[in-house]
Amino acid sequence: MGGFFDEMVKEEGAGSVKSGLCVICKGAHMLCGKERCPLMIKFYSRQRSRPITSSKDLAGSSPPGVFIGRYGYPKVAIGPLLPGEFGDTKVMDTPEMWMGKSIDDVVSMRDGLVRGKFTIDAKDQSKWGKDVLTVQELSLTKDPVSVEAKFSERPHGRIVLDDEIQPFGPSAKMESFSKSNGKWERNLEKGYYDTDENAKSAVLEAYYNGTLISEIQKAFSAGTLGVQKNRRFVPTRWSITAVDDIIGKDYLSRTRWYPTIDDYRVYHFEQLDNRWCIIMLPTTWRFELIEAWYPDTAWNPARSGIPSGIGDNDMFGRGVEIIHDSEFFDSRWEYAHIGGCYYASRMAVNELLEREHRSAGAVICREAHPGYVMPVGVWNVRENVRMALKQEPHRFDSLDGALGYLCSVMDIPRRVWIRNSDVLTDFLRQRRIEDYYGKSKTDLGPDRRAVTSG
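Count along the sequence shown starting at 1, add 14, and that's the number in this note's numbering.
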C-alpha cells in the first residue's frame, strides 16, 4: 500500500508540540504532550460505565462489523463488533444509513456494540491463524451474521469516541469466537480472490460497481484486498482515510481536466448542529476545508461565556477556533492537519464534479456549534458534504453574491472566512486572464473592496 499509508503511520508517531492545538489534534496525536487527551477523558467521564452482559459469553448478530486497533502497530488488537441482540443490525455499522439521526441516536446505537479483541502482527501473514481468517470473512460479509464470543473477562467500560472512527461500546479480550456463514459482498469477494490485483485497483473496482464506502473500508482494514504478498491489516482509523484518498484522487485525475463551471454556487446543509456551506468557483481545481469550532463543542474546550475571537481571529481557546487545509491544481503531498475529514470531503466534492463532467474550485465552510458535543467520526463529514451537494445550489454571477449568501446562513463574517482561506485569498488577489481582455464574468475587477467587506 505504501505512500499515503506510510505518511499516516509517520503522522501517528509524531512527537509532542506546543499545547492548545485541540482542533488540529482532535484527540489523535497527543499534540499537548499528555499521555491521554484531556477532552476525551472529559467525554468518557460523562458516560455511565455498565456491563453489557452478566457473563463472559456474548452472542448476537454482527452488523457485520470489525475493528482494527492502531496502538503498538504492527502488533495490534483486532476482532469483531457484536451486539447482545439478534436480528437486522446492519444499520449499526453502516454510516450511510445514519443521516437524520441525532448524536444521541448514533451514540445509543453504537454503545451496544462490543468489541472483541485479540492481538496479531498486522504484517506477518505466516502467523495469521483461524481466528484471523474469521475476522477477514466477517469484513467481507454483506448482511448481519450470528457471532458467538467467549471473553477472558466480562466486557465492561464506556463508549469509545473519536473524530476519525465511529463510536463503539466496551471491549474485552476474547478466548475464542465463531460466526455463522453469510453471503459476501460480491465486489469485495472478487477482490479477495484476485490476489494479483493491487489494493488501489480493488478499492476502485468495488466502489465504481456500487459497494458502499464503509464496506470497502472494512475489507481494506482486514487485509483482504491487494497482491497476496502485500496484504496486511490496516488500523480502522487509517483505512477510513486511505479509502477516501484513493477514491478522491482517482476522481481528481479526471475532474481537474474537465471544463470549469460557469457560475458561482453555494450549497447549504445543516445537521447535528453543524452548518455546511460549499462554495464552488468557476476556476481550475483548487480545494479547501475550513472548520470553525465554537466554544463548548467537541474540540474547543473554551466556555461559551468567554468572548468570541471572531472579530480579531483570535484562535485556540478564547473564542471560535478556526483551522483550514487547502490544495491547488497540483494537489497536496503532505498529510492534511485536519486529518481524515479533509480527504472525505474532497472525495465528496469530486463525486459531484464527476457526475457533471466539470471542474471547479471548492471551499467548504463548516461551523460546528455547541450542539455538536462529542465526536462521532469522519462519516459525519463525508455524508453531510454529500448531502449538501445533493441540494439545489444557490447560483450567482459573482463571488460577492456567493459570499453574501454564505454570510446570510452562517454566523462568521466574510472577512474572517477570507482571512482563513488560501483559496479565496488567492482568487481575490489574482486578476483572471479574462480581466485583461475585458471579458470577466465577475464583478471582481480592480476594485474588490465590496467582496472583502462585511
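Cβ atoms here follow ideal geometry from the backbone N, Cα and C, with glycine treated the same way.
Per DSSP, cross-strand counterpart(s) of residue i
i, result
"Met388", "Looking at the DSSP assignment, Met388 forms no beta bridge with any residue, so it has no partner."
"Trp290", "Phe283, Arg380"
"Arg409", "Arg279"
"Glu162", "Ala73, Ser192"
"Val37", "According to DSSP, Val37 bridges with nothing at all."
"Phe301", "Glu341, Ala376"
"Trp473", "Outside the modelled stretch of the chain, which goes from 15 to 468, sits residue 473, for which no answer is possible."
"Phe441", "DSSP, once it has assigned bridges, lists no residue as partnering Phe441."
"Leu233", "Here the sequence assigns Ala to residue 233, which means Leu is not the residue at that position. Partner(s): none; Ala233 has no beta bridge."
"Ala186", "Gly130"
"Leu420", "None; Leu420 has no bridge partner."
"Lys141", "Per DSSP, none; premise fails for Lys141."
"Leu3", "Absent from the structure is residue 3, since the part of the chain shown begins at 15 and ends at 468."
Simplified DSSP state of residue i, which is helix, strand or coil
i, result
"Tyr278", "strand"
"Ile447", "Only weak support exists for where Ile447 lies, its pLDDT of 49 falling under 50; the coordinates are left without a value."
"Leu266", "helix"
"Asn223", "coil"
"Val248", "coil"
"Val217", "helix"
"Pro475", "For residue 475 there is no data in the structure shown, the boundaries of the chain being 15 and 468."
"Asn314", "strand"
"Asp328", "Confidence at Asp328 is low in this model, with a pLDDT of 48, below 50, so its placement is unreliable and no value can be given for it."
"Ala306", "strand"
"Ala487", "Residue 487 lies beyond the stretch modelled for the chain, which goes from 15 to 468, so this question has no answer here."
"Ser322", "Note on Ser322: pLDDT 42, under 50, position unreliable in the model; the coordinate value appears next. Reduced to three states, the DSSP call for Ser322 is coil."
"Lys204", "helix"
Residues near residue i in its chain [Cβ-Cβ closer than 8 Å; skip 5 each side]
i, result
"Arg372", "Thr269, Tyr272, Pro273, Thr274, Ile275"
"Asp71", "Glu162, Ala163, Lys164, Phe165"
"Ile230", "Leu202, Val217, Ala220, Tyr221, Val257"
"Leu420", "Val280, Cys291, Ile293, Cys379, Arg428, Trp431"
"Lys104", "Pro77, Met111, Asp157, Pro158"
"Thr298", "Arg270, Thr274, Phe343, Ser373, Gly375"
"Arg400", "Ala362, Glu365"
"Pro407", "Arg279, Val280, Tyr281, Met294"
Cβ neighbours of residue i in the same chain (closer than 7 Å, five flanking residues each side left out)
i, result
"Asn223", "Asn201"
"Glu110", "Leu226, Ser228, Glu397"
"Val146", "Ile134"
"Ile352", "Leu303, Glu305, Ile337, Asp339"
Neighbourhood of residue i by C-beta, 6 Å cutoff - its chain only, sequence neighbours within 5 removed
i, result
"Glu189", "Lys164, Ser166"
"Ser140", "none"
"Leu366", "Leu403"
"Glu482", "The requested residue 482 does not occur in the structure, where the chain is confined to residues 15 to 468."
"Leu342", "Looking at the sequence itself, residue 342 is Phe, so the reference to Leu does not match. Cβ within range, chain order: Arg300."
"Ala358", "Asp258, Val392, Val395, Arg396"
"His282", "Cys291, Val423"
"Ser253", "Gln231, Phe234, Ser235"
"Ser192", "Glu162"
"Pro296", "Thr274, Ile275, Asp276"
"Ala416", "Tyr278, Val280, Ile293, Phe410"
"Ala350", "Asp339, Tyr356"
"Gln242", "Thr209"
"Asn434", "Ile304, Ile336, His338"
"Gly237", "Arg245, Arg246, Phe247"
"Asp107", "Pro77, Gly79"
Residue range of the unbroken alpha helix (DSSP H) whose run includes residue i
i, result
"Trp431", "428 to 433"
"Asp71", "Per DSSP, Asp71 belongs to no alpha helix (DSSP H); it is in the beta strand (DSSP E), 71 to 76."
"Val395", "393 to 402"
"Ile117", "117 to 125"
Range covered by the beta strand (DSSP E) that runs through residue i
i, result
"Ile337", "335 to 341"
"Gly135", "It is Asp, not Gly, that sits at residue 135 in the sequence shown. Segment 128 to 135, the beta strand (DSSP E) holding Asp135."
"Gly101", "No beta strand (DSSP E) holds Gly101; DSSP gives it neither H nor E."
"Glu368", "Glu368 -> not in any beta strand (DSSP E); alpha helix (DSSP H) instead, spanning 354 to 370."
"Gly240", "Unbroken run through Gly240: none, as it is neither H nor E."
"Gly79", "79 to 82"
Chain B contact for residue i (CB, 9 Å cutoff)
i, result
"Glu365", "Here there is only one protein chain, and chain B is not present."
ask   = On the three-pair Cβ rule with 8 Å, is the region 84 to 98 touching the region 121 to 138?
value = yes
query = Three or more beta-carbon pairs under 8 Å between the region 116 to 129 and the region 215 to 232, yes or no?
reply = no
message = Assess contact between the region 238 to 249 and the region 136 to 155, defined as three or more Cβ pairs (one per stretch) separated by less than 8 Å. Is contact present?
response = yes
ask   = Is the region 383 to 395 in contact with the region 281 to 288, if contact means three or more CB pairs nearer than 8 Å?
value = yes
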